[in-house]
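Taken in sequence, the protein lines are chains D and W.
Numbering of the first sequence is given in this note's numbering, commencing with residue 5 and proceeding in unit increments.
Numbering of the second sequence is given in this note's numbering, commencing with residue 5 and proceeding in unit increments.
Backbone N, C-alpha and C fix where the C-beta goes; we use that ideal spot for every residue, glycine too.
This structure is a prediction, so every number in the text was calculated from the model and none was measured.
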Amino acid sequence: GAVVSQHPSRVICKSGTSVKIECRSLDFQATTMFWYRQFPKQSLMLMATSNEGSKATYEQGVEKDKFLINHASLTLSTLTVTSAHPEDSSFYICSASRAGGHNEQFFGPGTRLTVL
Amino acid sequence: AQKVTQAQTEISVVEKEDVTLDCVYETRDTTYYLFWYKQPPSGELVFLIRRNSFDEQNEISGRYSWNFQKSTSSFNFTITASQVVDSAVYFCALSEVGSGGSNYKLTFGKGTLLTVNP
Numbered sequence: 005g006a007v008v009s010q011h012p013s014r015v016i017c018k019s020g021t022s023v024k025i026e027c028r029s030l031d032f033q034a035t036t037m038f039w040y041r042q043f044p045k046q047s048l049m050l051m052a053t054s055n056e057g058s059k060a061t062y063e064q065g066v067e068k069d070k071f072l073i074n075h076a077s078l079t080l081s082t083l084t085v086t087s088a089h090p091e092d093s094s095f096y097i098c099s100a101s102r103a104g105g106h107n108e109q110f111f112g113p114g115t116r117l118t119v120l
Numbered sequence: 005a006q007k008v009t010q011a012q013t014e015i016s017v018v019e020k021e022d023v024t025l026d027c028v029y030e031t032r033d034t035t036y037y038l039f040w041y042k043q044p045p046s047g048e049l050v051f052l053i054r055r056n057s058f059d060e061q062n063e064i065s066g067r068y069s070w071n072f073q074k075s076t077s078s079f080n081f082t083i084t085a086s087q088v089v090d091s092a093v094y095f096c097a098l099s100e101v102g103s104g105g106s107n108y109k110l111t112f113g114k115g116t117l118l119t120v121n122p
């Protein structure tokens with residue numbers, strides 16, 4: 005149990021386009037979902053925390069108008085990178101936790117974004 | 005603010021050697037959780053262990069063992085008789101319990117790249 009999927013696993017796009025990444029909890033209801041970004045050979049940096057039905061909370065330095073997060077249901081959160089630029093190229097990982105989950109986050113497999 | 009330090013950026017060992025990955029953390033809370041994750045080249049994070057701040061018992065799982073010492077704020081991870089398949093980046097992480105016991109965010113260390121050579 006506690007499986008999280010991400011789609012797509014890999015995406016290449018042109019500079020200026022928008023890209024949507026989906027994060028789904030497959031066998032549990034995720035009250036909270038988290039979005040992380042990982043640059044090559046670096047650690048995971050939390051971008052934002054989203055709770056179902058409410059606005060996401062962004063970490064300092066993360067532009068909320070550039071990284072749009074929607075947590076429309078208890079099993080789906082989406083991250084849209086708007087007007088992507090090469091510097092947005094990164095590995096994006098989502099995680100999900102459930103109510104009463106004792107602080108455990110279940111991670112998706114990640115999405116590798118390359119902006120040309 | 006919470007902080008996790010993994011001082012070892014890279015470690016290289018020969019197969020069958022034991023190796024210890026260090027993790028030191030900082031937090032002002034008395035209730036918190038510590039984690040270790042493995043990230044192989046594929047990128048997917050693999051959960052290894054979670055330990056709460058009230059449980060200082062050391063844990064062993066097969067070739068893996070963890071040493072939690074609150075006195076030194078350390079949560080070290082040892083792999084015994086390492087294998088080539090253990091090659092990966094290993095992350096230590098800290099989570100503080102939010103108000104009302106709600107889920108809270110993880111702070112990751114910078115990771116240690118372990119290379120096990122045949």
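Pick from W:Ala97, W:Ser69, W:Cys96: whose alpha carbon is nearest that of W:Thr84? Here residue 84 of chain W is taken as the residue at index 80 of the second sequence, counted from 1. Nearest C-alpha to W:Thr84: W:Ser69.
Can you give me the C-alpha to C-alpha distance between D:Asn55 and D:Ser99, rounded to a whole angstrom? For this step, residue 55 of chain D is matched to residue 51 along the first sequence. For this step, residue 99 of chain D is matched to residue 95 along the first sequence. D:Asn55 and D:Ser99: Cα-Cα distance of roughly 12 Å.
Could you tell me which uninterrupted beta strand (DSSP E) segments, each at least 3 residues in length, are contained entirely in the segment 28-78 of chain W, listed from first to last along the chain? 28-30, 36-43, 50-56, 63-65, 68-73
Mark W:Glu100 as exposed unless 16 or more other C-beta atoms lie within 10 angstroms of its C-beta, in which case mark it buried. Taking the second sequence and counting its residues from 1, one reaches residue 100 of chain W at position 96. It counts as buried.
Residues of chain W with CB closer than 9 Å to the CB of D:Leu50, please, in chain order. Within the first sequence, residue 50 of chain D is the residue found at index 46, counting from 1. Residues of chain W passing the Cβ test: Lys109, Leu110, Thr111, Phe112.
C-alpha distance - D:Leu117 paired with W:Ala11, whole-angstrom precision: Translated into the one-based positions of the first sequence, residue 117 of chain D becomes position 113. Translated into the one-based positions of the second sequence, residue 11 of chain W becomes position 7. Going from the Cα of D:Leu117 to the Cα of W:Ala11 covers about 29 Å.
Would you mind working out which of D:Trp39, D:Gln33, D:Phe38, D:Gln46 sits nearest W:Gly113, comparing C-alpha positions? Stepping through the second sequence from its first residue, residue 113 of chain W is reached at position 109. Of the listed residues, the one whose Cα sits closest to W:Gly113 is D:Gln46.
I need the boundaries of the beta strand (DSSP E) containing D:Tyr96, first residue and last residue. Working through the first sequence from its first residue, we reach residue 96 of chain D at position 92. Element bounds for D:Tyr96: 94-101.
In whole angstroms, what separates the C-alpha of W:Ala92 from that of W:Ser46? Walking along the second sequence from the start, residue 92 of chain W turns up at place 88. Walking along the second sequence from the start, residue 46 of chain W turns up at place 42. Taking the straight line joining both Cα atoms gives about 10 Å.
Is there a C-beta anywhere in chain W that falls below 7 Å from the one on D:Ser93? Translated into positions along the first sequence, residue 93 of chain D becomes position 89. Chain W contact via Cβ: absent.
Pick from W:Val50, W:Asn56, W:Ser75: whose alpha carbon is nearest that of W:Tyr41? Residue numbering aside, residue 41 of chain W sits at position 37 when the second sequence is read from its first letter. Ranking the options by Cα distance to W:Tyr41, first place goes to W:Val50.
Within 10 angstroms of the Cβ of D:Leu30, are there 16 or more other Cβ atoms? Answer buried if so, exposed if not. Here residue 30 of chain D corresponds to residue number 26 of the first sequence, with the count starting at 1. When all chains shown are included, D:Leu30 counts as exposed.
Exposed or buried, which one is W:Phe58 when buried takes at least 16 other CB atoms within 10 Å? Counting from 1 along the second sequence, the entry for residue 58 of chain W is found at position 54. Burial call: exposed.
Is the Cβ-Cβ distance between D:Tyr62 and D:Ala76 less than 7 Å? By 1-based counting over the first sequence, the position of residue 62 of chain D is 58. By 1-based counting over the first sequence, the position of residue 76 of chain D is 72. Contact flag unset, no.
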